Amino acid sequence: MTALTKGRNTPLVAGDVRALAVAAATVLFQGGIAMRNAAGYATKGATALNLVGIGRIEEEVDNASGANGDLSVRIRPGIFLYENSEGGDEIAIADIGKVAYVVDDQTVAKTDGTSTRSRPASFTTWTPMAVSGSSSTKPSCAPISASGAERNSTRC
32 MTALTKGRNT PLVAGDVRAL AVAAATVLFQ GGIAMRNAAG YATKGATALN
82 LVGIGRIEEE VDNASGANGD LSVRIRPGIF LYENSEGGDE IAIADIGKVA
132 YVVDDQTVAK TDGTSTRSRP ASFTTWTPMA VSGSSSTKPS CAPISASGAE
182 RNSTRC
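When you read off a place in the sequence shown, starting at 1, and then add 31, the result is the number in our numbering.
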């Protein structure tokens with residue numbers, strides 16, 4: 032394909048719910064960060080390499096005693112607010128435009144944890160959220176998954 036020389040009508044593939052096969056020995060909780068492992072199966076967000084962020088888990092699925100693909104889970108790509116790490120891994124306003132990383136199925140961080148974390152996303156932005164009991168603000172983060180293309184970004 033050659034580069035565009037004029038505008039085009041690029042079809043939108045909406046971020047509708049889709050079903051994915053669940054990885055072996057995995058329990059997924061509704062609302063958690065959904066990722067795909069290297070074999071392509073759905074798993075929860077975790078400090079691990081070779082995972083790709085794909086959205087939010089829409090239902091609880093217990094495949095703890097099952098094999099790859101024994102069960103499926105509904106995943107919704109989109110923008111979701113997740114917890115921000117604390118201390119040196121806390122994502123702040125200075126981190127706008129930088130990569131964010133998954134810590135667990137509800138938390139993201141600004142570092143790769145010494146090369147131990149996967150990215151849910153390719154960049155971060157910042158929405159200030161009031162921190163309970165203080166006058167400061169702290170960002171919360173969320174993966175954004177582009178349905179079909181499996182490209183991800185994060186907003187914090």
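Note that the Cβ used here is the ideal one computed from N, Cα and C, for glycine as well.
Quick caveat: nothing in here was measured; it's all calculated off a predicted structure.
Quick check: what's the CA-CA separation for residue i versus residue j?
i: G109; j: Q61; result: 15 angstroms
i: G38; j: K129; result: 30 angstroms
i: L35; j: A55; result: 44 angstroms
i: R49; j: I124; result: 33 angstroms
i: N99; j: S149; result: 21 angstroms
i: L51; j: L43; result: 21 angstroms
i: S96; j: T33; result: 49 angstroms
i: S146; j: G63; result: 22 angstroms
i: S116; j: N40; result: 40 angstroms
i: A79; j: I127; result: 23 angstroms
Where do the N-terminal and C-terminal ends of the beta strand (DSSP E) with residue i fall, by residue?
i: D93; result: V92 to N94
i: D135; result: Y132 to D135
i: R67; result: I64 to R67
i: R107; result: S103 to R107
i: R49; result: R49 to A52
i: K75; result: A73 to K75
i: A140; result: T138 to A140
Measure how close the beta-carbons of residue i and residue j come, nearest whole angstrom, since I'm counting them as under 8 angstroms.
i: R89; j: R105; result: Sequence inspection shows Glu at residue 89; the Arg mentioned does not correspond to that position. About 4 angstroms separates the two Cβ atoms, so the contact holds.
i: L102; j: V53; result: 5 angstroms
i: G86; j: A70; result: Contact flag wrong, Cβ pair sits at about 18 angstroms.
i: Y132; j: G144; result: 7 angstroms
Residue i and residue j: beta carbons closer than 9 angstroms?
i: K141; j: E121; result: yes
i: N94; j: V58; result: yes
i: V83; j: R107; result: no
Practice prompt. Check whether the stretch 136-143 touches the stretch 70-87, taking contact to mean three or more Cβ pairs, one atom from each stretch, closer than 8 angstroms.
Written response: yes
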